[in-house]
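Report on one structure; see the data block that follows.
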Amino acid sequence: MRRSLILLFIGVLITFALVSFVNMNRIYAIEDENKILQAKTSEENESKDILVVLEENVSYEVKKFITKNGMELYVGFVKNLGESREIEVYVNVVNGKWITFRPFIKENETWSFARISEFAILPKTSGLFINPNETSYYKINKQLRISFDGKGNEIFIYSEKRPTRIVGLTNIKWSYNLNERMIYIFRSDSDGKLTVDFVDYPIVNPLIIEDRTREEELLYDLSKIKSGFKELDEEEYRLLYEIDGIRREISRINESIKEKESEKLSFMERIDEENRKKSDIEKLLKEHYLVSSNQVIIVAILFIILVGYSIYINLRKGEESEEE
Numbered sequence: 194m195r196r197s198l199i200l201l202f203i204g205v206l207i208t209f210a211l212v213s214f215v216n217m218n219r220i221y222a223i224e225d226e227n228k229i230l231q232a233k234t235s236e237e238n239e240s241k242d243i244l245v246v247l248e249e250n251v252s253y254e255v256k257k258f259i260t261k262n263g264m265e266l267y268v269g270f271v272k273n274l275g276e277s278r279e280i281e282v283y284v285n286v287v288n289g290k291w292i293t294f295r296p297f298i299k300e301n302e303t304w305s306f307a308r309i310s311e312f313a314i315l316p317k318t319s320g321l322f323i324n325p326n327e328t329s330y331y332k333i334n335k336q337l338r339i340s341f342d343g344k345g346n347e348i349f350i351y352s353e354k355r356p357t358r359i360v361g362l363t364n365i366k367w368s369y370n371l372n373e374r375m376i377y378i379f380r381s382d383s384d385g386k387l388t389v390d391f392v393d394y395p396i397v398n399p400l401i402i403e404d405r406t407r408e409e410e411l412l413y414d415l416s417k418i419k420s421g422f423k424e425l426d427e428e429e430y431r432l433l434y435e436i437d438g439i440r441r442e443i444s445r446i447n448e449s450i451k452e453k454e455s456e457k458l459s460f461m462e463r464i465d466e467e468n469r470k471k472s473d474i475e476k477l478l479k480e481h482y483l484v485s486s487n488q489v490i491i492v493a494i495l496f497i498i499l500v501g502y503s504i505y506i507n508l509r510k511g512e513e514s515e516e517e
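Position 47, counted from 1, in the sequence shown is what this note's numbering calls 240; the numbers after and before it change by one each time, with no gaps.
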């Protein structure tokens, strides 16, 4: 009797494990790359390099962000325009490696996921959103820090490596599936943040681990400043080149002005020469050809006397001819 009870108990445990495994595989699975590539070519969505959804009554998009420490963060959104259901989505988790994920999305709600570095953050249900302003992977500390808004207790994270620990503001239970490269996290409270730690050494006292995330953020800020200085140097060089060009143009214009002034002086000299010639001609005319007003009067009087005398002579000749 006792042996039968033991066998029955073992059978129940095996059945429960199989059901859990089947349920886990129903949520996510590794996809064949050719199938995904065919799906991608059938889509006309700008987000198809990260996310593909083939089901109807669904809209989706992916937005790119730059985190505080300079990492590229992609956040995807899938909205269910139909009834509440599991929706099959294809996610490019890392450099061409695609998986199928089946989140439960309620009617008219949006499911959100994120991809950064070699990680994909995949909430199980809609309503839980990744905050891009407070989410990043810090290479120095080897920590994936995630900030959530909304509600949702279960989260999957695709990771090639098993984390050392996962820390949050509330009680957390987690496990790692090596075959699927998937971290499963259950949080008792859906609010708050998560820190997924990937340190390579055993942790005796986590409190003594130096937090260098701010250092990494400052290094990124410095790189932006250096980049800004480089842009300023390039802008300064461009402006100096333009100023030099303007100076050359001003010099050319000044030379042209000098040439015009020289031409003007030459023209003025020619005008002065013509004026002098004109003055000499007028002087010559006055001296040799022009007469004064008195001379004109005398000539006029003499002309009148001459005419009068001629008339008188003609009259005398006429009288003498009549007497004869």
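All residues carry an ideal CB built from backbone N, CA and C; glycine is no exception.
{"Item": "Beta carbon of residue 335 nearer than 7 Å to that of residue 392", "Value": "yes"}
{"Item": "Whole-angstrom distance between residue 266 and residue 437, CA atom to CA atom", "Value": "43 Å"}
{"Item": "Beta-bridge partners of residue 303, as assigned by DSSP", "Value": "272"}
{"Item": "Endpoints, the beta strand (DSSP E) within which residue 341 is located", "Value": "336-343"}
{"Item": "Backbone CA spacing between residue 290 and residue 314 [nearest angstrom]", "Value": "15 Å"}
{"Item": "Any 3 or more C-beta pairs closer than 8 Å across the segment 353-362 and the segment 317-329", "Value": "no"}
{"Item": "Spatial neighbours of residue 413 in its chain, beta-carbon cut-off 6 Å, leaving aside the 5 residues before and after", "Value": "262 and 263"}
{"Item": "Beta-carbon spacing of residue 292, residue 280 below 7 Å", "Value": "no"}
{"Item": "With 16 other Cβ atoms within 10 Å as the buried cut-off, status of residue 253", "Value": "buried"}
{"Item": "Which residues DSSP lists as bridging residue 375, in chain order", "Value": "351 and 370"}
{"Item": "Cut-off 7 Å between Cβ atoms - residues of its own chain near residue 258, not counting five sequence neighbours on either side", "Value": "266, 268 and 325"}
{"Item": "Buried versus exposed, by CB contacts within 10 Å (16 or more), residue 409", "Value": "buried"}
{"Item": "Where residue 473 falls: helix, strand or coil (DSSP)", "Value": "helix"}
{"Item": "Rounded separation between residue 238 and residue 285 - CA only", "Value": "Its pLDDT being 47, under 50, residue 238 is placed unreliably in this model, and the value from its coordinates should be taken loosely. Approximately 14 Å between the Cα atoms of the pair."}
{"Item": "Alpha-carbon to alpha-carbon, residue 465 and residue 472", "Value": "10 Å"}
{"Item": "Inter-residue spacing [alpha-carbon to alpha-carbon] between residue 341 and residue 434", "Value": "50 Å"}
{"Item": "Buried or exposed by the 16-neighbour rule on C-beta atoms within 10 Å, applied to residue 450", "Value": "exposed"}
{"Item": "Residues of its chain near residue 359, where Cβ-Cβ distance is below 6 Å and the 5 sequence neighbours each way are ignored", "Value": "365, 367 and 389"}
{"Item": "Limits of the unbroken beta strand (DSSP E) element including residue 361", "Value": "358-361"}
{"Item": "For residue 254: DSSP bridge partner residues", "Value": "270"}
{"Item": "Neighbourhood of residue 272 by C-beta, 6 Å cutoff - its chain only, sequence neighbours within 5 removed", "Value": "252 and 303"}
{"Item": "Segment limits, beta strand (DSSP E) that includes residue 314", "Value": "312-316"}
{"Item": "CB contact flag (residue 357, residue 380, <7 Å)", "Value": "no"}
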